[in-house]
Amino acid sequence: MHEIGWLELPNQLNARDVGGLPLAGGGSTRAGVLMRCETPDLLTDEAVARLSSAYGVRHVFDLRSVGEGLPVVQWPGIVRHSMPLLGRRAGAAQDADEARGVGDISAGQVDVLGDDADLDLATVDVHGAGRLYMGMAERGKDAFAQALRLLTDDDAGPTLVHCTAGKDRTGVLVALLLSVVGVERQAIVDDYSATRIHLREMFRRIDRIPSQPRLQPGTPAAAALRDAAPESMEAFLDAVGERYGTAAEFFLKAGAEPVWIERWRERFVDA
Numbered sequence: 151m152h153e154i155g156w157l158e159l160p161n162q163l164n165a166r167d168v169g170g171l172p173l174a175g176g177g178s179t180r181a182g183v184l185m186r187c188e189t190p191d192l193l194t195d196e197a198v199a200r201l202s203s204a205y206g207v208r209h210v211f212d213l214r215s216v217g218e219g220l221p222v223v224q225w226p227g228i229v230r231h232s233m234p235l236l237g238r239r240a241g242a243a244q245d246a247d248e249a250r251g252v253g254d255i256s257a258g259q260v261d262v263l264g265d266d267a268d269l270d271l272a273t274v275d276v277h278g279a280g281r282l283y284m285g286m287a288e289r290g291k292d293a294f295a296q297a298l299r300l301l302t303d304d305d306a307g308p309t310l311v312h313c314t315a316g317k318d319r320t321g322v323l324v325a326l327l328l329s330v331v332g333v334e335r336q337a338i339v340d341d342y343s344a345t346r347i348h349l350r351e352m353f354r355r356i357d358r359i360p361s362q363p364r365l366q367p368g369t370p371a372a373a374a375l376r377d378a379a380p381e382s383m384e385a386f387l388d389a390v391g392e393r394y395g396t397a398a399e400f401f402l403k404a405g406a407e408p409v410w411i412e413r414w415r416e417r418f419v420d421a
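Each residue of the sequence shown is one higher than the one before, starting from 151 at the first, in our numbering.
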């Protein structure tokens, strides 16, 4: 497993840089370009200041649904982009009450199932979680295309991506962004499953946040949805290959321009 580039951010347990990951054809991803974390509701003022001072973060992609977590406040020198990955379908929910029924599969929210009616959240296994990720990617394709565009704009800079746990919505987007530049498959899987290291304590903290969708006692949801098993990412990558061939083809069919993919490779790959 590659060395994990943990970010030193107070109260964050799942924050890391995805630079330094090996590419199949040689080389690696460039550090200081793309970072990931769990909900910023856990960030202290000191941590927010460190995002720009220590890590140079200029953009934050928030993949959560409208009304999920605490109200968003702006941070000095950082642009926070609201990019809801899931709503009633692909896009933002109409209001906060509607949003609480969608988005976070870790909280047992069933609307991510879409057309996969044969998947039961009460019994879904680690492979089924990967199938959920494929549905999530397809329903959130507009947000993914937007992310790639913003990452390659002239104004692009070091970017932090998050959702709530930083493993499902964030994990899917990051996996596609890694795959499209040719990161070794095992490194993509390892990066995803690194979330397991602090998973139990992270969920304990997240479940205390006001307005945060949470898994209520007695809610039928399988343990696989509160995990970051490598098999789940393997199943997702298999599904991308079966349906699209490559991550690049996924982005193109989602509405991305070919030049965005080339710019992303130039920006993210450290030969």
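Glycine included, C-beta positions come from ideal geometry on N, C-alpha and C. Model, not experiment: these values are computed from the prediction.
Rounded separation between residue i and residue j - CA only
i      : j      : result
Gly169 : Leu193 : 22 Å
Phe418 : Arg180 : 5 Å
Glu248 : Leu235 : Low local confidence applies: a pLDDT of 46 at Glu248 is under 50, so the model's placement there is unreliable, with the coordinate-based value given in what follows. Cα to Cα, the separation comes out at about 14 Å.
Gly395 : Arg299 : 21 Å
Leu184 : Thr273 : 34 Å
Pro190 : Leu375 : 21 Å
Asp305 : Ile356 : 32 Å
Met233 : Arg281 : 22 Å
Gly391 : Gly227 : 39 Å
Gly155 : Glu188 : 15 Å
Arg239 : Glu399 : In this predicted model, Arg239 has a pLDDT of only 34, less than 50, meaning its place in the structure is not dependable; the value taken from the coordinates is given anyway. Taking the straight line from one Cα to the other gives about 22 Å.
Gly241 : Asp292 : Low confidence applies here, because Gly241 scores a pLDDT of 36, under 50, leaving its location unreliable; read the following figure in that light. When rounded, the distance between both Cα atoms is 8 Å.
Val339 : Met286 : 18 Å
Trp225 : Ala199 : 8 Å
Arg186 : Ala315 : 10 Å
Leu402 : Pro172 : 24 Å
Ala174 : Pro360 : 43 Å
Ala204 : His231 : 21 Å
Gly176 : Asp195 : 39 Å
Leu387 : Arg393 : 10 Å
Pro221 : Arg350 : 25 Å
Val229 : Arg208 : 6 Å
His348 : Arg354 : 10 Å
Buried versus exposed, by CB contacts within 10 Å (16 or more), residue i
i      : result
Gln162 : buried
Gly206 : exposed
Arg358 : exposed
Ser343 : buried
Val333 : buried
Asp341 : buried
Val223 : exposed
Asp303 : exposed
Asp167 : buried
Ala373 : exposed
Ala406 : buried
Arg319 : buried
Residue j beta carbon less than 7 Å from that of residue i
i      : j      : result
Leu326 : Ala397 : yes
Val331 : Arg415 : yes
Leu213 : Cys313 : yes
Ala279 : Ser215 : no
Gln362 : Gly217 : no
Val210 : Leu310 : yes
Met352 : Asn164 : yes
Nearest candidate by alpha-carbon position, reference residue i, set the options
i      : options                           : result
Ala385 : Gly155, Pro408, Arg346 and Gly321 : Gly321
Ala378 : Arg393, Asp275 and Leu310         : Asp275
Lys125 : Leu328, Val229, Gln296 and Arg346 : Since the displayed the chain opens at 151 and closes at 421, residue 125 lies outside it and no answer follows.
Leu328 : Ser178, Ile154 and Asp195         : Ser178
Arg289 : Ile228, Arg166, Ala165 and Ala404 : Ala404
Ser202 : Glu351, Pro308, His348 and Pro360 : Pro308
Leu159 : Glu153, Arg186 and Ala197         : Ala197
His277 : Leu171, Val229, Pro408 and Pro380 : Pro380
Ala295 : Leu173, His152, Asp420 and Val409 : Val409
Asp420 : Gly182, Ala315, Gly285 and Gly391 : Gly182
Ile411 : Glu153, Ala297, Trp225 and Val229 : Ala297
His152 : Gln336, Gly175, Ala315 and Glu407 : Gln336
Beta carbon proximity, residue i to chain C, threshold 7 Å
i      : result
Asp195 : Among the chains in the structure shown there is no chain C, since it carries only a single protein chain.
TODO: Entirely within the region 166-241 and at least 3 residues each: give me those beta strand (DSSP E) ranges in chain order.
DONE: 184-187, 209-212 and 229-232
Open item on the list: List, from N- to C-terminal side, the alpha helix (DSSP H) runs of 4 residues or more that fit wholly inside the region 268-295.
Closed with: 276-289
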